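Colleague: Structure below; questions to follow.
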Amino acid sequence: MNEIERIYQLREELHRHNHNYYVLNAPEIGDQEFDFLMRELQDLEAKHPECQDENSPTMRVGSDLNKNFQQVAHQYPMLSLANTYSEAEVTEFYDRIKKDLNEDFEVCCEMKFDGTSISLIYEEGKLVRAVTRGDGVKGDDVTDNVKTIRTIPLVLQGEGFPKKFEIRGEILMPWEVFEQLNKERESRGEALFANPRNAASGTLKLQNSSVVASRKLDAYLYSILGESLPCDGHYENLQMASSWGFKVSELMRKCANLSDILDFLRYWDVARKSLPVATDGVVLKVNSLRQQRNLGYTAKSPRWAIAYKFQAERACTRLNKVTYQVGRTGAITPVANLDPVQLAGTVVKRASLHNADVIEGLDLYVGDMVYVEKGGEIIPKIVGVDKDARFMIGDKVKFISHCPECGSPLVRYEGEAAHYCVNDVACPPQIKGKIEHYVSRKAMNIDSLGTETIDQFYREGLIHTIADLYTLKAPEIARLERMGKKSALNILEGIRASKEVPFERVLFALGIRFVGETTAKTLAKAFRSIDALKKATLDELVQVDEIGARIAQSILVYFANEENLHIIEQLREAGVQMQMEDVDMSQYTDKLAGKSIVISGVFAHHSRDEYKEIIEKNGGKNVGSISKKTSFILAGENMGPSKLEKAGKLGIPIVGEDDFLKMIE
Ligand code: IVH
Numbered sequence: 003m004n005e006i007e008r009i010y011q012l013r014e015e016l017h018r019h020n021h022n023y024y025v026l027n028a029p030e031i032g033d034q035e036f037d038f039l040m041r042e043l044q045d046l047e048a049k050h051p052e053c054q055d056e057n058s059p060t061m062r063v064g065s066d067l068n069k070n071f072q073q074v075a076h077q078y079p080m081l082s083l084a085n086t087y088s089e090a091e092v093t094e095f096y097d098r099i100k101k102d103l104n105e106d107f108e109v110c111c112e113m114k115f116d117g118t119s120i121s122l123i124y125e126e127g128k129l130v131r132a133v134t135r136g137d138g139v140k141g142d143d144v145t146d147n148v149k150t151i152r153t154i155p156l157v158l159q160g161e162g163f164p165k166k167f168e169i170r171g172e173i174l175m176p177w178e179v180f181e182q183l184n185k186e187r188e189s190r191g192e193a194l195f196a197n198p199r200n201a202a203s204g205t206l207k208l209q210n211s212s213v214v215a216s217r218k219l220d221a222y223l224y225s226i227l228g229e230s231l232p233c234d235g236h237y238e239n240l241q242m243a244s245s246w247g248f249k250v251s252e253l254m255r256k257c258a259n260l261s262d263i264l265d266f267l268r269y270w271d272v273a274r275k276s277l278p279v280a281t282d283g284v285v286l287k288v289n290s291l292r293q294q295r296n297l298g299y300t301a302k303s304p305r306w307a308i309a310y311k312f313q314a315e316r317a318c319t320r321l322n323k324v325t326y327q328v329g330r331t332g333a334i335t336p337v338a339n340l341d342p343v344q345l346a347g348t349v350v351k352r353a354s355l356h357n358a359d360v361i362e363g364l365d366l367y368v369g370d371m372v373y374v375e376k377g378g379e380i381i382p383k384i385v386g387v388d389k390d391a392r393f394m395i396g397d398k399v400k401f402i403s404h405c406p407e408c409g410s411p412l413v414r415y416e417g418e419a420a421h422y423c424v425n426d427v428a429c430p431p432q433i434k435g436k437i438e439h440y441v442s443r444k445a446m447n448i449d450s451l452g453t454e455t456i457d458q459f460y461r462e463g464l465i466h467t468i469a470d471l472y473t474l475k476a477p478e479i480a481r482l483e484r485m486g487k488k489s490a491l492n493i494l495e496g497i498r499a500s501k502e503v504p505f506e507r508v509l510f511a512l513g514i515r516f517v518g519e520t521t522a523k524t525l526a527k528a529f530r531s532i533d534a535l536k537k538a539t540l541d542e543l544v545q546v547d548e549i550g551a552r553i554a555q556s557i558l559v560y561f562a563n564e565e566n567l568h569i570i571e572q573l574r575e576a577g578v579q580m581q582m583e584d585v586d587m588s589q590y591t592d593k594l595a596g597k598s599i600v601i602s603g604v605f606a607h608h609s610r611d612e613y614k615e616i617i618e619k620n621g622g623k624n625v626g627s628i629s630k631k632t633s634f635i636l637a638g639e640n641m642g643p644s645k646l647e648k649a650g651k652l653g654i655p656i657v658g659e660d661d662f663l664k665m666i667e
């Protein structure tokens with residue numbers, strides 16, 4: 003892969019991780035890994051200015067915008083901080099400031115709290131609004147939820163506060179509260195939060211503020227903004243804020259030289275482990291606001307501050323054995339079973355070993371003392387072995403050759419890291435996994451069937467394939483343990499309703515390898531029926547936009563399997579949709595034929611997705627970023643300033659929502 007290809011690959015990956023982190027609250031990778039990918043992308047983009055893209059993940063600070071809240075523009079954009087993991091780069095930062103300022107200066111060192119940031123607006127001493135960071139330019143109004151946080155003053159005390167000002171900080175869930183919450187969630191069978199940061203941001207976005215109140219969030223404030231602040235010092239202003247009733251960290255220090263700064267970093271790298279809340283680094287800020295103004299900002303972050311991030315926490319414990327899990331697709335995941343150990347706030351007993359190469363790379367023996375680290379995910383990973391501690395160890399860990407569930411020989415496809423059990427018709431977890439996927443919400447949405455019921459039906463021999471769902475009878479369900487007539491009828495009703503699910507989702511529900519939700523949609527649009535798709539050749543498949551050789555190959559393999567063809571016929575007979583519905587052509591026009599349209603801002607009459615559909619139905623193309631080729635911008639309220647500027651520069655017309663609707667009337 004050359005550097006340009008790598009840029010595109012990194013952008014795609016980082017966009018996905020951004021979405022996982024900010025929107026879904028379910029990161030797949032740890033912060034450090036994310037930062038490293040981002041850094042790699044920044045470096046490559048700097049080397050290849052010809053690849054500049056205003057929508058690159060390096061151009062923004064991420065977004066936690068949520069449809070259900072009112073969006074509000076920030077008076078001052080909420081930027082992020084440049085970050086580093088090395089003392090050498092902290093030294094570089096210090097030397098650069100020294101050179102640029104060319105006068106004495108102090109640096110305020112403070113903890114980097116690992117929660118979710120918040121902007122609070124006070125007027126006449128009263129909290130009037132609380133807004134999340136959002137995409138940095140606008141955020142969600144979460145005032146009602148924030149008002150439930152007891153450490154945030156609703157009315158200020160003391161004197162000397164400006165008439166109107168903004169104060170920013172971090173909302174946190176203390177470790178103790180986090181552990182208790184996860185314990186409760188576990189006992190109710192609910193998904194666990196990966197870390198207190200996700201728990202805090204998830205809580206802040208709840209619709210019901212009384213639930214927020216019960217979650218005992220906390221907040222530290224770390225920056226104050228406004229026209230007439232009491233002092234020139236950042237530190238001094240925060241001390242004032244503390245006297246007005248805000249919770250300001252007591253762990254802030256002003257340092258007049260580099261060696262004091264480095265001492266602070268080294269001390270808190272260790273001492274932070276006994277703090278009641280999660281921290282992931284130290285923030286260094288030039289203390290004088292006048293000097294801050296002189297140093298200024300880059301597009302993304304202030305030049306007067308930097309975040310020094312701690313290395314992820316690690317624990318050392320014994321490896322007792324390695325077990326193997328078989329997933330829905332037959333992928334085998336090796337799992338390390340460990341002596342329980344305390345790590346970054348929770349007790350860890352199991353860790354992922356990912357695949358055979360990772361095990362080989364670690365040169366692992368049963369009984370080894372291993373290092374465990376937590377990334378962003380719930381399941382921690384093994385990152386190393388303490389070879390010096392090897393003493394009377396057991397056997398070398400050797401990846402299995404046969405499926406632990408069905409005994410079939412495992413296969414490893416070229417270019418893939420995972421081993422697979424390919425016995426998809428008879429391997430129990432694969433069969434059950436396929437059925438679980440089939441009924442899942444984004445597939446056939448049969449919500450009357452949960453994992454446990456599927457397991458029970460399978461054990462009792464009622465179902466072996468997804469097609470068997472449609473031959474289930476009420477009496478055979480009703481006689482099962484914990485079932486009754488009512489639940490049987492409910493289940494059957496859910497199954498019946500699935501016959502109305504449109505073909506594109508049926509195609510996704512079939513669980514063809516590499517055919518996710520979006521690919522299924524693309525295929526359904528292109529081929530319109532299962533019969534046409536079944537007949538498609540490799541060439542015809544790769545002709546379709548966004549379908550590459552890997553997906554095409556997997557589709558051919560799927561339809562070459564007699565068992566799959568049989569299941570499809572059974573589903574068809576049961577009445578499941580095997581083709582797209584005839585479309586009502588009266589909604590289609592060519593009024594926007596040949597037009598490339600960018601959608602930007604917030605709309606009153608339709609959602610963004612609806613506008614996308616309207617554009618497509620009228621023959622236009624919705625594109626993501628503004629270029630010379632853009633025909634016009636469909637703009638709602640609060641269009642982003644950078645888009646506005648670019649449109650102006652390139653002379654691209656801006657069309658308001660009402661005018662647009664008239665245009666296609
Ligand atoms: S100052 C212009 N101080 O870290 C930057 N941020 O990457 C203003 N954070 O979004 C931020 N503790 O959520 C600042 N003591 C601290 C912080 C802190 C945590 C978070 C904050 C911000 C992110 C920056």
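The opening residue of the sequence shown carries number 3 in our numbering; numbering runs sequentially from there. Glycine included, each C-beta is placed from N, C-alpha and C at the ideal position. Because the structure is a prediction, the values reported are computed rather than measured.
Roughly how many angstroms separate the alpha carbons of MET641 and ILE654, rounded to a whole number?
Modeller: Mapped onto the sequence shown, residue 641 falls at position 639. Mapped onto the sequence shown, residue 654 falls at position 652. Using only the alpha carbons, I get a separation of about 14 Å.
Colleague: Check LEU1 in the structure and name its three-state DSSP category.
Modeller: Examination of residue 1 is not possible in this model, given that the chain is present from 3 through 667 alone.
Colleague: Where does GLN72 sit, in a helix, a strand or coil, going by DSSP?
Modeller: In the sequence shown, counting from the first residue as 1, residue 72 sits at position 70. Here GLN72 sits in coil by DSSP.
Colleague: If we count the other Cβ atoms within 10 Å of its Cβ and call it buried at 16 or more, is VAL179 buried or exposed?
Modeller: Position 177 of the sequence shown, counting from 1, holds the residue named residue 179. Under this definition VAL179 is a buried residue.
Colleague: What are the start and end residues of the alpha helix (DSSP H) that includes LEU227?
Modeller: The sequence position of residue 227 within the sequence shown is 225, counting from 1. Segment 220–227 is the beta strand (DSSP E) holding LEU227; no alpha helix (DSSP H) there.
Colleague: Note down the Cα distance separating PRO342 from SER489, rounded to an integer number of angstroms.
Modeller: The residue given as residue 342 occupies position 340 in the sequence shown. The residue given as residue 489 occupies position 487 in the sequence shown. Going from the Cα of PRO342 to the Cα of SER489 covers about 40 Å.
Colleague: Between the C-alpha atoms of HIS356 and PRO336, what's the straight-line distance to the nearest angstrom?
Modeller: Here residue 356 corresponds to residue number 354 of the sequence shown, with the count starting at 1. Here residue 336 corresponds to residue number 334 of the sequence shown, with the count starting at 1. Looking at the two C-alpha atoms, the distance is approximately 6 Å.
Colleague: MET580 and ILE532 look like a contact to me (Cβ under 8 Å); what is the Cβ gap, rounded to whole Å?
Modeller: On the sequence shown, residue 580 is found 578 positions in, with the first residue counted as 1. On the sequence shown, residue 532 is found 530 positions in, with the first residue counted as 1. Indeed they touch by this definition, with Cβ atoms about 4 Å apart.
Colleague: Hey, would you say the C-beta of VAL559 is under 8 Å away from at least one heavy atom of ligand 1?
Modeller: Indexing the sequence shown from 1 puts residue 559 at position 557. Not under cutoff, so the answer is no.
Colleague: Among the candidates LYS185, GLU125 and GLY141, whose CA atom is the shortest distance from the CA of LEU158?
Modeller: Numbered from its first residue, the sequence shown carries residue 158 at position 156. Of the candidates LYS185, GLU125 and GLY141, the one whose C-alpha sits nearest the C-alpha of LEU158 is GLU125.
Colleague: Beta carbon of PRO411, beta carbon of ILE334: below 9 Å?
Modeller: Looking up residue 411 in the sequence shown gives position 409. Looking up residue 334 in the sequence shown gives position 332. No, Cβ-Cβ distance for PRO411 and ILE334 is not below 9 Å.
Colleague: Can you tell which of ARG552, GLY141 and PRO232 has the C-alpha that lies nearest to the C-alpha of LYS166?
Modeller: In the sequence shown, counting from the first residue as 1, residue 166 sits at position 164. Closest option to LYS166, Cα to Cα, is PRO232.
Colleague: Just to confirm before moving on: does the CB-CB distance between ARG152 and ILE120 stay below 9 Å?
Modeller: Taking the sequence shown and counting its residues from 1, one reaches residue 152 at position 150. Taking the sequence shown and counting its residues from 1, one reaches residue 120 at position 118. It is not a contact, given that the beta carbons lie outside the stated cut-off.
Colleague: Distance check for LEU277 and GLY386, CA to CA, integer angstroms please.
Modeller: Counting from 1 along the sequence shown, the entry for residue 386 is found at position 384. Counting from 1 along the sequence shown, the entry for residue 277 is found at position 275. Looking at the two C-alpha atoms, the distance is approximately 27 Å.
Colleague: Measure the C-alpha to C-alpha separation of LEU76 and LEU471 and round it to an integer number of angstroms.
Modeller: Here residue 76 is taken as the residue at index 74 of the sequence shown, counted from 1. Here residue 471 is taken as the residue at index 469 of the sequence shown, counted from 1. For clarity, residue 76 is His in the given sequence; the question names Leu instead. Near 52 Å, if we compare the C-alpha coordinates of LEU471 and HIS76.
Colleague: So, at 6 Å on beta carbons, what are the nonlocal neighbours of LEU156 in its own chain, with the 5 sequence-adjacent residues on each side left out?
Modeller: By one-based count along the sequence shown, residue 156 stands at place 154. Contacts found: LEU129.
Colleague: Closest to ASP106 by CA distance: which of GLU548, GLN44 and GLN293 is it?
Modeller: The residue you call residue 106 lines up with position 104 of the sequence shown. Answer by Cα proximity: GLN293.
Colleague: Check whether the Cβ atoms of LEU83 and ILE226 sit closer than 9 Å, and answer yes or no.
Modeller: By 1-based counting over the sequence shown, the position of residue 83 is 81. By 1-based counting over the sequence shown, the position of residue 226 is 224. No; because the gap between Cβ atoms is not below 9 Å, this pair is not in contact.
Colleague: Pairs of beta-carbons, one from the stretch 368–376 and one from the stretch 386–400, closer than 8 Å: are there three or more?
Modeller: Because the criterion of three Cβ pairs below 8 Å is met, the stretch 368–376 and the stretch 386–400 touch.
Colleague: Answer with buried or exposed for GLY518, where buried requires no fewer than 16 other C-beta atoms within 10 angstroms of its C-beta.
Modeller: As a first step, residue 518 is located in the sequence shown; it is residue number 516 there, counting from the start. It counts as exposed.
Colleague: So, with DSSP's three-state summary, where would you put THR205?
Modeller: Stepping through the sequence shown from its first residue, residue 205 is reached at position 203. Here THR205 sits in helix by DSSP.
Colleague: Which runs of the beta strand (DSSP E) spanning at least 3 residues fall entirely within the stretch 374–407, listed in chain order?
Modeller: Fully enclosed beta strand (DSSP E) runs of 3 or longer: 383–387.
Colleague: Let me check you understand the geometry: is the CB of TYR10 closer than 8 Å to at least one non-hydrogen atom of ligand 1?
Modeller: Taking the sequence shown and counting its residues from 1, one reaches residue 10 at position 8. It does not: the Cβ of TYR10 is nowhere closer than 8 Å to a heavy atom of ligand 1.
Colleague: Could you check whether ILE154 and SER203 sit closer than 9 Å to each other, using their CB atoms as the reference points?
Modeller: As a first step, residue 203 must be located in the sequence shown, where it is residue number 201. As a first step, residue 154 must be located in the sequence shown, where it is residue number 152. Cβ distance not < 9 Å, so SER203 and ILE154 don't count as in contact.
Colleague: Can ALA309 be considered in contact with ligand 1, in the sense that its beta carbon sits closer than 8 Å to one or more heavy atoms?
Modeller: What you label residue 309 is simply residue 307 of the sequence shown in a count that begins at 1. Checking every heavy atom of ligand 1 against the Cβ of ALA309, one is found closer than 8 Å.
Colleague: According to DSSP, is LEU464 part of a helix, a strand, or is it coil?
Modeller: Taking the sequence shown and counting its residues from 1, the one referred to as residue 464 is at position 462. Looking at LEU464 - three-state DSSP - the assignment turns out to be coil, as it is neither helix nor strand.
Colleague: How is MET485 classed by DSSP in three states: helix, strand or coil?
Modeller: Taking the first residue of the sequence shown as position 1, residue 485 is located at position 483. Three-state DSSP puts MET485 in coil, outside helix and strand.
Colleague: Count the other CB atoms, across all protein chains shown, that sit within 10 Å of the CB of ILE381; report buried if there are 16 or more and exposed otherwise.
Modeller: Position 379 of the sequence shown, counting from 1, holds the residue named residue 381. When all chains shown are included, ILE381 counts as exposed.
Colleague: Once DSSP output is grouped into helix, strand and coil, what is the label at GLN327?
Modeller: Numbered from its first residue, the sequence shown carries residue 327 at position 325. Here GLN327 sits in strand by DSSP.
Colleague: Since LEU482 and GLU462 should fall inside the 8 Å C-beta cutoff, what is the C-beta to C-beta distance between them, to a whole number of angstroms?
Modeller: What you label residue 482 is simply residue 480 of the sequence shown in a count that begins at 1. What you label residue 462 is simply residue 460 of the sequence shown in a count that begins at 1. Yes, LEU482 and GLU462 are in contact; Cβ-Cβ is about 6 Å, under 8 Å.
Colleague: Closer than 8 Å: is that where the CB of SER303 sits relative to any heavy atom of ligand 1?
Modeller: Working through the sequence shown from its first residue, we reach residue 303 at position 301. Answer for SER303: yes, Cβ within range of ligand 1.
Colleague: For the alpha helix (DSSP H) containing ASN566, name the first residue and the last one.
Modeller: Counting from 1 along the sequence shown, the entry for residue 566 is found at position 564. Taken as a continuous stretch (DSSP letters only), the alpha helix (DSSP H) holding ASN566 covers 564–576.
Colleague: At the level of alpha carbons, what is the spacing between LYS49 and VAL109?
Modeller: Walking along the sequence shown from the start, residue 49 turns up at place 47. Walking along the sequence shown from the start, residue 109 turns up at place 107. If I take the Cα positions, the gap works out to 32 Å.
Colleague: Return the Cβ separation of ILE557 and ILE468 in integer angstroms, given the expectation that the two are a contact with Cβ distance under 8 Å.
Modeller: If you number the sequence shown from 1, residue 557 lands on position 555. If you number the sequence shown from 1, residue 468 lands on position 466. In fact, because the Cβ distance is near 18 Å, the residues do not count as touching under 8 Å.
Colleague: Does DSSP put PHE312 in a helix, a strand or coil?
Modeller: Stepping through the sequence shown from its first residue, residue 312 is reached at position 310. Three-state DSSP puts PHE312 in coil, outside helix and strand.
Colleague: State the DSSP-derived secondary structure class of ALA445, mapped to helix, strand or coil.
Modeller: As a position in the sequence shown, residue 445 is number 443, starting the count at 1. Three-state DSSP puts ALA445 in coil, outside helix and strand.
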